[in-house]
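Participant: Okay, handing you the structure first.
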Amino acid sequence: MTDMTSNAMNGHVTGTLIQARGITLHLPPPPALPVPAQLPRPAARRPVDRVVESARLTRWHSTGQADLVVVTGDAGIGKTTLTLWWATTQADTFVDGRLHADFAAEPDLTGEVVLRRWLRALGIAPTAIPSHPVEVAALWRSLTHDRHLLLVLDGAHTADQVLPLLPASPHALTLVTTRHHLPELITAGARPLHLGVLPSHAARDLLAAFAGQTRAAREPEHLHRLAALCQGHPLTAVLLGGHLAAHPELPIAAVVDHAHTLTALSWSIAMRMADHDLPPADRDLLGVLRHVGGPGLSADTVGMLDLSDHDVDRALRRLVDRGLLQQVTDPTGAVRYPATPAPEAVNDDTPVDQSGSSGDSSPTLSQPVTQALTRLVAHYAGLMSSIAETLEPGKHAYSPLRQSATPFSDRGAARTVFDREHRTAMTMLPLAVDLGLPDFAWQLGEALWIPLRSGRHTEDVLTSQTLAAHAAHHLEHPYESTALARIAWAQSWLGRPADALVNVEQATAVARHHDDDRALATALSVWAQALIADDQLEAAVAMFDRCIDLDIRTGARPWVLGLRLRQQAPVLNSLGRPDQACRAARFAVGLILGDPRPRGFEAARALIVHAEILLDLGLVQLADDALIHADTLLDPDADRVHHADVQALLWQSATRLGHPDAEQHRARAIAAYDLAGHPQRAAELREHPDTAVPPAVAGHSDPPPSDGNREQGTRR
Numbered sequence: 015m016t017d018m019t020s021n022a023m024n025g026h027v028t029g030t031l032i033q034a035r036g037i038t039l040h041l042p043p044p045p046a047l048p049v050p051a052q053l054p055r056p057a058a059r060r061p062v063d064r065v066v067e068s069a070r071l072t073r074w075h076s077t078g079q080a081d082l083v084v085v086t087g088d089a090g091i092g093k094t095t096l097t098l099w100w101a102t103t104q105a106d107t108f109v110d111g112r113l114h115a116d117f118a119a120e121p122d123l124t125g126e127v128v129l130r131r132w133l134r135a136l137g138i139a140p141t142a143i144p145s146h147p148v149e150v151a152a153l154w155r156s157l158t159h160d161r162h163l164l165l166v167l168d169g170a171h172t173a174d175q176v177l178p179l180l181p182a183s184p185h186a187l188t189l190v191t192t193r194h195h196l197p198e199l200i201t202a203g204a205r206p207l208h209l210g211v212l213p214s215h216a217a218r219d220l221l222a223a224f225a226g227q228t229r230a231a232r233e234p235e236h237l238h239r240l241a242a243l244c245q246g247h248p249l250t251a252v253l254l255g256g257h258l259a260a261h262p263e264l265p266i267a268a269v270v271d272h273a274h275t276l277t278a279l280s281w282s283i284a285m286r287m288a289d290h291d292l293p294p295a296d297r298d299l300l301g302v303l304r305h306v307g308g309p310g311l312s313a314d315t316v317g318m319l320d321l322s323d324h325d326v327d328r329a330l331r332r333l334v335d336r337g338l339l340q341q342v343t344d345p346t347g348a349v350r351y352p353a354t355p356a357p358e359a360v361n362d363d364t365p366v367d368q369s370g371s372s373g374d375s376s377p378t379l380s381q382p383v384t385q386a387l388t389r390l391v392a393h394y395a396g397l398m399s400s401i402a403e404t405l406e407p408g409k410h411a412y413s414p415l416r417q418s419a420t421p422f423s424d425r426g427a428a429r430t431v432f433d434r435e436h437r438t439a440m441t442m443l444p445l446a447v448d449l450g451l452p453d454f455a456w457q458l459g460e461a462l463w464i465p466l467r468s469g470r471h472t473e474d475v476l477t478s479q480t481l482a483a484h485a486a487h488h489l490e491h492p493y494e495s496t497a498l499a500r501i502a503w504a505q506s507w508l509g510r511p512a513d514a515l516v517n518v519e520q521a522t523a524v525a526r527h528h529d530d531d532r533a534l535a536t537a538l539s540v541w542a543q544a545l546i547a548d549d550q551l552e553a554a555v556a557m558f559d560r561c562i563d564l565d566i567r568t569g570a571r572p573w574v575l576g577l578r579l580r581q582q583a584p585v586l587n588s589l590g591r592p593d594q595a596c597r598a599a600r601f602a603v604g605l606i607l608g609d610p611r612p613r614g615f616e617a618a619r620a621l622i623v624h625a626e627i628l629l630d631l632g633l634v635q636l637a638d639d640a641l642i643h644a645d646t647l648l649d650p651d652a653d654r655v656h657h658a659d660v661q662a663l664l665w666q667s668a669t670r671l672g673h674p675d676a677e678q679h680r681a682r683a684i685a686a687y688d689l690a691g692h693p694q695r696a697a698e699l700r701e702h703p704d705t706a707v708p709p710a711v712a713g714h715s716d717p718p719p720s721d722g723n724r725e726q727g728t729r730r
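Using this note's numbering, the first residue of the sequence shown is number 15, and each one after it goes up by one.
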């Protein structure tokens, strides 16, 4: 029992009052403030291969080099695991308490709410906490002055959540984990600590720990393969390792065979962790970009999607900060925003929806995402149609979009836009099919034919026309025949003449079914080219004759007849009929140049064929004149490949004529091939000038591809 003594005095004093002795009061000591220990248990007893990062944290803390550390990295990379593990091992050095706030678990959590919680945890009665936020912050700074505190702020979204919580003590340390770039914290003196993927040996060691050393030693190669599938992602390694531990009867090889399912699951979990608290408009934007795939979209294209009225640039930055989008500069210098790609082990058998979830069926798109994707497909169909009409006006146009397209100001500008948007435009075709938009699919396929063919993207011609043919067949549209013929054209150049002949026969049948003479003539022309690829040159000449007869009967334009003769001329030359070949090429040039609608590009191609035949005949000066004429008809910015061909041939003719500018033509050809995306051809001219020969165009409407992902065709 505690004695309590009190003295009370009252009365009236009229003289001097003297107190003879001192009075000593013995009061109890103030109650000690509690020492909070709020840190959650770490997910792992020790983070895998984070020795360097944990040592850096220890050094900064022990030497007083940091009072604020921002730990960044992708979702699921181990930020929280490392931070909590390190904080737990160092807890004894923070004698006044360890406080924790989880912004990821409570997306609406504010700094003021956290401060009130922490003040109560430090022993401040709720009634003693001021109501005004400024006074709350002041009380926090006063209370934490000179204290040894550790604060862990997990999953912070903004610097505004963090800055009010920083204590006023040189002995305190604040650790922040975030997926965002928070430059305001770096400005405030924070030390950044970024976590990347694990090295392959770390993933292997983790998997071995789950599997057991005996099992791991028995199947080292399969363990190595399994570690490679993790691609350095700790979450994937933990899921695969857990599967190994849960099924000790399974050989590691069996887990490798089914690893893509667990890899997809880890990817889905990581994506959900990253985007679970996105605003609806940002989530829709992310859904669109994930479905587009490929190289992504530019900010201008994203703006025309009309997903919301928010700032597009700011929304893109938010998604980049979270690691959900990438900001890349493509080879043309344009800035694009592709979705962060899934691991390679997440294949087409495991669909991932726009939220990142993995499922057994195709994902259901939200209405805003579906509408935005439809607008996007329509935009690219219109854009590619304008490019096609600019490059080759009115050529074989079935599409209403082609017929109503607004051309670019010049052909070079159209080619520049195509080079920038080529890869994204290719992703629009399967997207149109997936969205149930066959009308856009075939029109987009038709529009892509001209820039793809003239740029010699033969594999892409095959892909685009295959999808377009299916869409046209679904609609019973006559373009199916032309698409099949263009498939055969690509197959001829890819060294598959047997496949080409099958498709061109089908194209002919479809054209006759629709009573479409124009499509039939196209099919016969490609049939001749397939015969060339199959070494049936006499049959090819006869097929060209049939095609020309049909064109004449149906009143085809002069330039169309010139195109057929230009294709036939090299075949005649290969058959040892140079006079007929030269005459056919000369007629081709005259018919194309004489057409009421000038077609300089087609005339230049005919002149190139004529020049090659003249070179074979030894008529070098005439060939040189034809090539110079062809060069004046080409736009170097729009017709890059053919411009390069002309320069390579001019190098040959000038060399044989002894002209001093021969090497200039070779240098121009090398530069033009590089610019056109054909570095292999440029390398041949650069490294082997004595043996390098410019590509011929014998019988085909275009030379075959020569580099990169475009397979080498066989030239006759």
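Where is the CB? At the ideal position from N, CA and C, for every residue including glycine. Model, not experiment: these values are computed from the prediction.
So is VAL585 buried or exposed if we call it buried at 16+ other beta carbons inside 10 Å?
Facilitator: Buried is the call here.
Participant: Give me whichever residues DSSP pairs with LEU189 in a beta bridge.
Facilitator: LEU189 is bridged to VAL83, VAL166.
Participant: Which of the three DSSP states is assigned to ARG619 in this structure?
Facilitator: DSSP places ARG619 in helix when its eight states are reduced to three.
Participant: Quick one: what's LEU114 bridged to in DSSP?
Facilitator: First, the residue type needs correcting, since residue 114 is His and not Leu in the sequence shown. DSSP, once it has assigned bridges, lists VAL166 as partnering HIS114.
Participant: Just to confirm before moving on: does the CB-CB distance between GLN543 and SER588 stay below 8 Å?
Facilitator: No, the pair does not count as a contact, with Cβ atoms beyond the cut-off.
Participant: Once DSSP output is grouped into helix, strand and coil, what is the label at HIS208?
Facilitator: Here HIS208 sits in strand by DSSP.
Participant: Taking a contact to mean a Cβ-Cβ separation below 8 Å, would you say ALA502 touches ASN517 in this structure?
Facilitator: Yes.
Participant: Roughly how far, in whole angstroms, is the beta-carbon of PHE615 from the beta-carbon of GLU406, given that I think they are within contact range, below 8 Å?
Facilitator: Their Cβ separation, rounded to whole angstroms, is 7 Å, which keeps PHE615 and GLU406 in contact under 8 Å.
Participant: Using 8 Å for Cβ pairs, my map puts VAL85 next to LYS93. What's the rounded Cβ distance?
Facilitator: VAL85 to LYS93, Cβ: 5 Å. Contact.
Participant: For the stretch 129–165, list the beta strand (DSSP E) runs that are entirely contained and at least 3 residues long, ordered along the chain.
Facilitator: If we require 3 residues or more, the stretch 129–165 turns out to have no beta strand (DSSP E) run fully inside it.
Participant: Quick check on ALA260: does DSSP put it in helix, strand or coil?
Facilitator: Note: ALA260 maps to helix in three-state DSSP.
Participant: For ASP651 and ALA427, I'd like the C-alpha separation in whole angstroms.
Facilitator: For ASP651 and ALA427, the distance between alpha carbons rounds to 8 Å.
Participant: Here's a check: name, in chain order, each residue in its chain whose Cβ is nearer than 6 Å to the Cβ of GLN726, leaving out the five neighbours to either side.
Facilitator: Summary for GLN726: the model assigns pLDDT 31, below 50, so the residue's position carries little reliability, and this model does not support an answer.
Participant: Quick one: residues in its chain with C-beta nearer than 8 Å to the C-beta of LEU680, no 5 flanking neighbours on either side, listed in chain order?
Facilitator: Before going further, note that residue 680 is Arg rather than Leu in the sequence given. Counting only Cβ-Cβ distances below 8 Å, and skipping sequence neighbours, we find GLN661, ALA662, TRP665, LEU699, PRO703.
Participant: Give the DSSP-derived three-state secondary structure of VAL109 in the structure shown.
Facilitator: VAL109: coil per DSSP, three-state reduction.
Participant: Quick check on ARG55: does DSSP put it in helix, strand or coil?
Facilitator: If DSSP states are grouped into helix, strand and coil, ARG55 belongs with coil.
Participant: From what residue to what residue does the alpha helix (DSSP H) around GLU235 run?
Facilitator: Its alpha helix (DSSP H) spans residues 234–244.
Participant: Return helix, strand or coil for TYR11, following the three-state DSSP convention.
Facilitator: Residue 11 lies beyond the residue range present for the chain, which begins at 15 and ends at 730; the question has no answer from this structure.
Participant: What would DSSP say about ARG611, mapped onto helix, strand or coil?
Facilitator: DSSP places ARG611 in coil when its eight states are reduced to three.
Participant: Under the three-state reduction of DSSP, which class applies to ARG470: helix, strand or coil?
Facilitator: In this structure, ARG470 counts as coil in the three-state DSSP scheme.
Participant: Rounded to whole angstroms, what's the CA-CA distance from ALA105 to LEU136? Just pull it up for me.
Facilitator: Their backbone Cα atoms lie some 16 Å apart in a straight line.
Participant: Compute the Euclidean distance between the alpha carbons of ASP325 and ALA295, then round it to the nearest angstrom.
Facilitator: Going by the C-alpha atoms only, they are around 11 Å apart.
Participant: Please classify THR420: does DSSP put it in a helix, a strand, or coil?
Facilitator: Three-state result, THR420: coil.
Participant: Going by C-alpha to C-alpha distance, which of TRP99, LEU387, ASP122, PHE454 sits closest to THR172?
Facilitator: Of TRP99, LEU387, ASP122, PHE454, the residue nearest in Cα terms is ASP122.
Participant: Work out the CA separation of VAL270 and GLU263 for me, nearest whole Å.
Facilitator: Taking the straight line from one Cα to the other gives about 14 Å.
Participant: Hey, how far is the Cα of GLN53 from the Cα of PHE117?
Facilitator: In the sequence as displayed, the identity of residue 53 is Leu instead of Gln. In a straight line, the C-alpha of LEU53 is about 14 Å away from that of PHE117.
Participant: Could you check if THR16 is buried or exposed, using at least 16 other CB atoms within 10 Å of its CB as the buried criterion?
Facilitator: Note on THR16: pLDDT 49, under 50, position unreliable in the model; the coordinate value appears next. Exposed, since its Cβ has fewer than 16 Cβ neighbours within 10 Å.
Participant: Over what stretch of residues does the alpha helix (DSSP H) that includes LEU330 continue unbroken?
Facilitator: 326–335 is the span of the alpha helix (DSSP H), which, as asked, contains LEU330.
Participant: Taking the alpha-carbon of GLN340 as reference, which of GLY317, VAL555, ASP88, ILE606 has the nearest alpha-carbon?
Facilitator: Measuring from the Cα of GLN340, the nearest candidate turns out to be ASP88.
Participant: On the criterion of 16 or more Cβ atoms from any shown chain inside 10 Å, does ARG470 qualify as buried, or is it exposed?
Facilitator: ARG470 is buried by the Cβ-count criterion.
Participant: To the nearest angstrom, report how far apart LEU579 and PHE422 are at their CA atoms.
Facilitator: Distance between the alpha carbons of LEU579 and PHE422: 30 Å.
Participant: Quick check on ARG591: does DSSP put it in helix, strand or coil?
Facilitator: Correct three-state label for ARG591: coil.
Participant: Rounded to the nearest angstrom, how far is the Cβ of SER400 from that of ALA348, given a contact under 8 Å?
Facilitator: So it is not a contact: roughly 18 Å between Cβ atoms.
Participant: What distance in whole Å lies between the Cβ atoms of GLU435 and LEU481, which are believed to be in contact at a cut-off of 8 Å?
Facilitator: So it is not a contact: roughly 17 Å between Cβ atoms.
Participant: If contact is defined by three or more beta carbon pairs under 8 Å, each pair taking one atom from either stretch, is the stretch 234–253 in contact with the stretch 126–144?
Facilitator: Touching, no.
Participant: Near ALA644, what residues of its chain come up, given a Cβ to Cβ distance below 6 Å and the 5 sequence neighbours on each side ignored?
Facilitator: Here the set comprises ALA618, LEU621, ILE622, VAL660.
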